[in-house]
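One structure below.
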Amino acid sequence: GAGVSQSPSNKVTEKGKDVELRCDPISGHTALYWYRQRLGQGLEFLIYFQGNSAPDKSGLPSDRFSAERTGESVSTLTIQRTQQEDSAVYLCASSLVGSERNTIYFGEGSWLTVV
Amino acid sequence: GNSVTQMEGPVTLSEEAFLTINCTYTATGYPSLFWYVQYPGEGLQLLLKATKADDKGSNKGFEATYRKETTSFHLEKGSVQVSDSAVYFCALLKRAGTALIFGKGTTLSVSS
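Protein sequence lines, in the order shown, are assigned to chains E and V.
First residue of the first sequence? That's 1336 in our numbering, and the numbers climb one at a time after it.
First residue of the second sequence? That's 327 in our numbering, and the numbers climb one at a time after it.
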């Protein structure tokens, strides 16, 4: 597609349920990033993929969070047993390769509300 | 560790006023520096960047100069417009193959 696509754009879930957030990066982009933005806060890095592997997953806040990527394309961020503190916008981004010379493009985010 | 600190908002200006949004960073070595902008209802977009000391990034009338001696990358614009109202994020990239580290964002509101 023309840009990074994320779905769902909005998700309301009950505390304790699992959620999956999907990211379709720009075609051909090998680097993919997930960030979280809580209300009034900056962007927190969660995980970085280069191809199918995740060389940096240091930002995942707990073992309830996991992410996978298949075939250098789609990535899914899964949050198990959601808590109210998980409410945030989850942003996905991609770039050609993980290089400062390559612009990182962001999707519009998935707004998650845990009630 | 690596971090970015930017001025607290919101910043409220009248049209045609001069804008400065301060950004300082902490990092070893020579990171690349970025300003991203998030317009209402839209995703983050790269505004400008600088990859080495003394470089000046510029776009849409905005400028920022990479100052190694003061570890700063302040964003400036000589005459803001209502359409510049957005949230601005300063960010650094330590090296290739790592992720951007963002500041908390500064909300700019410009009135006519």
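Cβ atoms here follow ideal geometry from the backbone N, Cα and C, with glycine treated the same way.
Note: Gln-364 of chain V is bridge-paired with V:Leu-370 and V:Val-413 in the DSSP secondary-structure output.
DSSP places Glu-402 of chain V inside the beta strand (DSSP E), whose first and last residues are 401-403. In this structure the stretch 1368-1379 of chain E does not touch the stretch 348-355 of chain V; the number of beta carbon pairs closer than 8 Å is below three. With contacts defined as CB atoms closer than 9 Å, Phe-415 of chain V and Phe-399 of chain V fail to qualify as a contacting pair.
Sequence-ordered contacts of the stretch 1395-1409 of chain E with chain V are nonexistent [C-beta pairs closer than 7 Å]. Residue contact check for Tyr-1370 of chain E against chain V: a CB pair falls below 9 Å. Contacts with chain V at 9 Å (Cβ-Cβ) do not include Asp-1359 of chain E.
Taking C-beta atoms as the reference points, Lys-394 of chain V and Ala-379 of chain V count as a pair closer than 9 Å. Under a 10 Å Cβ-count criterion, Pro-1396 of chain E is classified as exposed, with fewer than 16 other Cβ atoms of the shown protein chains found around its own Cβ.
One thing to note: Gln-1419 of chain E has its Cβ no nearer than 9 Å to the Cβ of Arg-1399 of chain E.
Under the Cβ criterion (8 Å, minimum of three pairs), the stretch 336-350 of chain V does not count as touching the stretch 1360-1372 of chain E.
In the structure shown, the three-state DSSP call for Gln-1419 of chain E is helix.
Assignment of Val-1449 of chain E by DSSP, reduced to helix, strand and coil, places it in the strand class. Under the DSSP assignment, Asn-1345 of chain E falls in the beta strand (DSSP E) whose first and last residues are 1345-1348. Residue contact with chain V for Leu-1412 of chain E: absent (no Cβ-Cβ distance below 9 Å to any residue of chain V).
Taking a beta-carbon distance threshold of 9 Å, Thr-352 of chain V does not count as an interface residue toward chain E. With distances taken between CA atoms, Gly-387 of chain V lies nearest to V:Lys-403 out of V:Leu-426, V:Lys-403 and V:Trp-361.
Residues are counted here when their Cβ sits less than 7 Å from a Cβ of chain V; for the stretch 1371-1390 of chain E these are Gln-1376, Gly-1377, Leu-1378, Phe-1380, Tyr-1383, Gln-1385 and Pro-1390, given in chain order. Residue environment: Lys-375 of chain V is assigned as buried (16 or more neighbouring CB atoms within 10 Å of its CB, all protein chains considered). At the C-beta level, Ala-1428 of chain E and Leu-370 of chain V come within 9 Å of one another.
At the C-beta level, Gln-1372 of chain E and Val-1339 of chain E stay beyond 9 Å of one another.
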